[in-house]
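Okay, structure first, notes after.
Numbering (the numbering used here), first residue to last: 3 to 314.
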């Protein structure tokens, strides 16, 4: 082991495995760097069992975890040094080593890209990151729930209350979406206007959507005039210019349940189109509603609609 460090200047760490190839420790170059420069000290270290040289306090990351998950694991470890490595496992067995500095570089690049394509109001990832997220999800063959979130009656509300109040509603929804997800597993994007995209890989997605609907309804009470809140509706001009009674703001969510076994039959544009179709169905119901499509129930011909079906 010491000879490997001496001969390979770029080698930062060596993982220590048990008989089943499961990692039990890691030896970092920086902890024995002094011995590598002293021949006699090297001889002394060479006589010690590996258990005396290795650290059992190491980070192991399972292959396939998202960049966000790995980032959270790294930041939760105050002792993890930027020049140290972490262990990558596959089904619990050793698969390789990863560099902390590489993860940090990828996170920085991702944040720069997200900022470049972020919605200027909510600062949420825009259409390009949304498409990348859906593509990555399908490539990784992961179960997920794709939600197209739309605010009912937002346009007449915006016309009546003004754009500043409308922006407050959009920011409110953005906050509710962010609070309802697990940032290590889920994704929130802003398509534009009052249209948002939610990608949930959390297993408790039903609870999270219920929380989202309840929290948005509760916070919206602050935006209405007292007479509108009491009446449960407001009067505004329709698209045809006629006065019309509108219910208070609500959320219509069109959701597509993606199954890992169907991912090869889907693409990002087709998946977004299905979610958009489900959203239109949800809007047929009064009040906040969720309309769910299961990709496993769809005929193969509908899995990959034209790219023009939904322009990301």
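Using N, Cα and C, we set each Cβ at its ideal position, and we do this for glycine too.
Limits of the unbroken alpha helix (DSSP H) element including residue i
i: residue 130; result: 129 to 141
i: residue 283; result: 270 to 284
i: residue 77; result: 69 to 77
i: residue 229; result: 228 to 233
i: residue 55; result: 52 to 55
CB of residue i within 8 Å of CB of residue j, strictly
i: residue 144; j: residue 205; result: no
i: residue 178; j: residue 218; result: yes
i: residue 246; j: residue 237; result: yes
i: residue 270; j: residue 294; result: no
i: residue 150; j: residue 12; result: no
i: residue 176; j: residue 126; result: yes
i: residue 53; j: residue 30; result: no
i: residue 55; j: residue 63; result: no
i: residue 251; j: residue 189; result: no
i: residue 71; j: residue 243; result: no
i: residue 196; j: residue 132; result: no
i: residue 214; j: residue 240; result: no
i: residue 128; j: residue 192; result: yes
i: residue 100; j: residue 114; result: no
i: residue 147; j: residue 259; result: yes
i: residue 123; j: residue 169; result: yes
i: residue 7; j: residue 28; result: no
i: residue 268; j: residue 201; result: no
i: residue 96; j: residue 25; result: yes
i: residue 105; j: residue 73; result: yes
i: residue 249; j: residue 180; result: no
i: residue 136; j: residue 273; result: yes
i: residue 69; j: residue 34; result: no
Buried or exposed (CB count within 10 angstroms, at least 16 for buried), residue i
i: residue 1; result: Nothing about residue 1 can be read from this structure; the chain reaches only from 3 to 314.
i: residue 281; result: buried
i: residue 165; result: exposed
i: residue 264; result: buried
i: residue 289; result: exposed
i: residue 15; result: buried
i: residue 292; result: buried
i: residue 32; result: exposed
i: residue 65; result: exposed
i: residue 86; result: buried
i: residue 78; result: exposed
i: residue 173; result: exposed
i: residue 303; result: Unreliable placement is indicated for residue 303, whose pLDDT of 37 sits below 50; no coordinate value is reported for it.
i: residue 17; result: buried
i: residue 284; result: buried
i: residue 232; result: exposed
i: residue 10; result: exposed
Bounding residues of the beta strand (DSSP E) (the contiguous stretch that carries residue i)
i: residue 104; result: Taken as a continuous stretch (DSSP letters only), residue 104 belongs to no beta strand (DSSP E), being part of the alpha helix (DSSP H) at 102 to 118.
i: residue 327; result: Residue 327 is absent from the model: the chain starts at 3 and stops at 314.
i: residue 246; result: 245 to 249
i: residue 60; result: Unbroken run through residue 60: none, as it is neither H nor E.
i: residue 25; result: 25 to 30
i: residue 19; result: 15 to 19
For residue i: DSSP bridge partner residues
i: residue 324; result: This structure does not reach residue 324, given that the chain is present from 3 up to 314, and the question cannot be answered.
i: residue 87; result: 101
i: residue 236; result: 248
i: residue 153; result: 253
i: residue 92; result: 95
Taking only runs of the beta strand (DSSP E) that begin and end inside the region 159 to 225, which ones reach a length of at least 3 residues, in chain order? Within the region 159 to 225, the complete beta strand (DSSP E) runs of at least 3 residues are 189 to 194 and 197 to 202.
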